[in-house]
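A short write-up of the structure that comes next.
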Amino acid sequence: MRIICPNCGERDIREFYYRGSVNDLDRPKLEDSLSNWHAFLHLRDNEAGEIRDLWYHERGCNGWLIVTRNTVTHEVIRTELVNSNDEGLT
Amino acid sequence: MRFSALRILKESLTGNKNWTPHWRSPSPKSAYDVIIIGGGGHGLSTAYYLAQNHGIRNVAVLEKGHIGSGNIGRNTTIVRANYLLPGNSEFYSHSLKLWEGLETDLNYNVMMSQRGLIMLCHSDGQRDAFVRRANAMRSRGDDAHMLSVEDLRKLLPYLNYENARFPIYGGLLQKRAGTARHDAVAWGYARAADERGVDLIQNCEVTGFSINNGRVTGVETSRGKIEANKVAIVVAGRSSQVAQMAGIRLPIESHILQAFVTEGLKPVINNVISFGMGHFYISQSDKGGLVFGGDLDGYASYAQRGNLPLMEHVFEAGMALMPMIGKAKVLRSWGGIMDMSPDGSPIIDKTSIDGLFINCGWCYGGFKAVPASGYAYAHLIATENYFHTASNYRFERFQSGYNLMDEEGTGSQHNLH
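In the order they appear, the protein sequences are chains A and B. Just so we're aligned, residue 571 is where the first sequence starts under our numbering, counting upward by one. Just so we're aligned, residue 1304 is where the second sequence starts under our numbering, counting upward by one.
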């Protein structure tokens, strides 16, 4: 599996830190209910097939990426920056 | 059909022509008392203990593939009870006791081999932690022995003791730990469950649940609709998909874990050796292959195969620990789908739907748990009460934060186990 970083191009997965489901971007507000926080922290759709998850290009540009990929075939379909202005470290 | 030395002798003298199939291949009936979804190790042991301990024999195990085709056939066969935390430790302690009597219970040779498991430590701090763990193991009645470097040099002369990054300071030995033949565990439980009247229905995929007024009444399958008073999900890596059909979202992320086996070699590794700091553990099968594995690849996956970087990492760790294995040729590698829970510990619980139960979250440690998991799950299904060894394996611990069992001490979060 290789990931196409929008800043750096196609790279070895060893350069990336895996965060998990893109669900992590929808952080509840502090005053939100316990069940919302529980869902955010623990519950996952965990699809077999196309998913979106968060990867950090730790040994590259240091950009946070949303990777659309297939968990059954390991095909990487699309990669975008979490923050489209994120040019990473120069 | 019972196995015995006399029977084996008799069959061998008559050309082995009179052995019969281990279990029937029945068509599904229209209704059962209990349907178990998943014909893996945990599902089969659940069926066996439902019949054996609770007298519930009108049971079907529905398996979408064939018996033993999932993680029960894709693991590294290690059996141990060296857990630290209350809530986990008594469960695995119970499981090891069941393992020790399993062959007699099932009348089946599961090749249980209590060859001892040695965990290595590499610093004073880690040694202190191992002493604490050993004391915890002994205090609940299991065996644990601290080994000095001198002890280890006699037992395992081939290790690299002078590794600059991870010099070996000692080890924690559990003599009662070891390995068992994984396929035989599935076959033994399947045969024993079938003997007690359980229907094992293979190539039967569950496609939906029948739920009326918040109560499960049966399942829809690729072989038609089947009614049941109670339905028990135990499908390891596929837990999220099956639960989703009942509208349940689980605290599970499925990951890939790889393992490897070399060509057959003469006996050299007599124990199970765990090099935790290097994410590497190894044993030698009875056929002579070195069976070893490491850590998760580290990203959500259902591929049943991993990527090369983790393979390289595992081989490097193996070479660092025991340079002699460098000349062994790797024959096969495989990957299993691990149902990872946030704290790294499992779930055996009721669900929000009456009569629907779930057993999941075994992470990368499901094999050793097979007997006790089935035992506790059968108790929960039959009595609707939690068995005392598994009373902490509840969903509510994630929401409340109370009774979390984070063996690695890294936090209750998905990407940390």
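All C-beta atoms, glycine included, are put in the ideal place defined by N, C-alpha and C.
Rounded to whole angstroms, A1535 of chain B and L1365 of chain B show a C-alpha spacing of 10 Å.
For the options B:L1624, B:E1314, B:N1391, the alpha carbon positioned closest to that of I1471 of chain B is the one of B:L1624.
Here DSSP, grouped into helix, strand and coil, assigns T1692 of chain B to helix. Residue nearest to C578 of chain A within the set A:T638, A:C631, A:V642 is A:C631 (criterion: CA-CA distance). At the C-beta level, A1675 of chain B and H1485 of chain B stay beyond 9 Å of one another. Annotated three-state conformation of F1670 of chain B is helix, per DSSP.
With a cutoff of 9 Å on beta-carbon distance, S1703 of chain B and E1530 of chain B are scored as not near each other. Rounded to whole angstroms, the gap between the alpha carbons of E1508 of chain B and L1707 of chain B is 33 Å. Residue pairing for W625 of chain A: DSSP places it in a beta bridge opposite A:Y588, A:L635. Interface criterion not met: the Cβ of H1397 of chain B is under 9 Å from no Cβ in chain A.
Inter-residue distance for P1626 of chain B and V1564 of chain B is about 16 Å (C-alpha atoms, whole angstroms). Within the same chain, R1436, A1439, E1710 come within 7 Å of L1387 of chain B by CB-CB distance, once the 5 residues on both sides are set aside. By the 16-neighbour rule on beta-carbons within 10 angstroms, T1482 of chain B is buried. Interface criterion met: the Cβ of D623 of chain A is under 9 Å from a Cβ in chain B. Between the C-alpha atoms of S1694 of chain B and I1661 of chain B there is a straight-line separation of about 14 Å. Residues of the region 589-618 of chain A that bring their beta carbon within less than 8 Å of a beta carbon in chain B comprise R589, G590, S591, L604, S605, H608, A609, L611, H612, L613, R614, D615, N616, E617, A618, in sequence order. Only exposed fits Y587 of chain A, as fewer than 16 other CB atoms lie within 10 angstroms of its CB.
At a cut-off of 9 Å between beta carbons, F1306 of chain B makes no contact with chain A.
In the DSSP assignment, E620 of chain A is bridged to A:N640. The region 1627-1635 of chain B and the region 1487-1507 of chain B do not touch, with fewer than 3 CB-CB distances between them shorter than 8 Å.
For T1510 of chain B, the enclosing beta strand (DSSP E) stretches over residues 1509-1515. Close to R584 of chain A, with beta-carbon spacing below 8 Å, are these residues of chain B in chain order: P1612. When Cβ-Cβ separations below 9 Å define contact, F1618 of chain B makes no contact with chain A. Interface with chain B (9 Å Cβ-Cβ cutoff): T649 of chain A is excluded. Look at the region 1569-1637 of chain B and you find these whole runs of alpha helix (DSSP H), each 4 residues long or longer: 1611-1624. Distance from the CA of N1361 of chain B to the CA of A1685 of chain B, rounded to the nearest whole angstrom, comes to 12 Å.
Within chain B, the residues placing a beta-carbon under 7 Å from that of V642 of chain A are Y1605, A1606, ordered along the chain.
Around the CB of P1645 of chain B, 16 or more other CB atoms lie within 10 Å, so the residue is classed as buried. The alpha-carbon of M1641 of chain B is positioned some 18 Å away from that of V1594 of chain B. No Cβ of chain A is located within less than 9 Å of the beta carbon of L1462 of chain B.
When C-beta distances to chain A are compared with 7 Å, the residues of the region 1687-1715 of chain B below that value are F1701, Q1702, in chain order. For L1553 of chain B, the nearest beta carbon of chain A is closer than 9 Å to its own beta carbon. With its beta carbon at least 9 Å from every one in chain A, S1525 of chain B lies outside the interface. Under the 9 Å criterion on CB atoms, R1541 of chain B is classed as interfacial with respect to chain A. For N1662 of chain B, the beta-bridge partners assigned by DSSP are B:I1651. The C-alpha of L635 of chain A is placed about 46 Å away from the C-alpha of L1503 of chain B.
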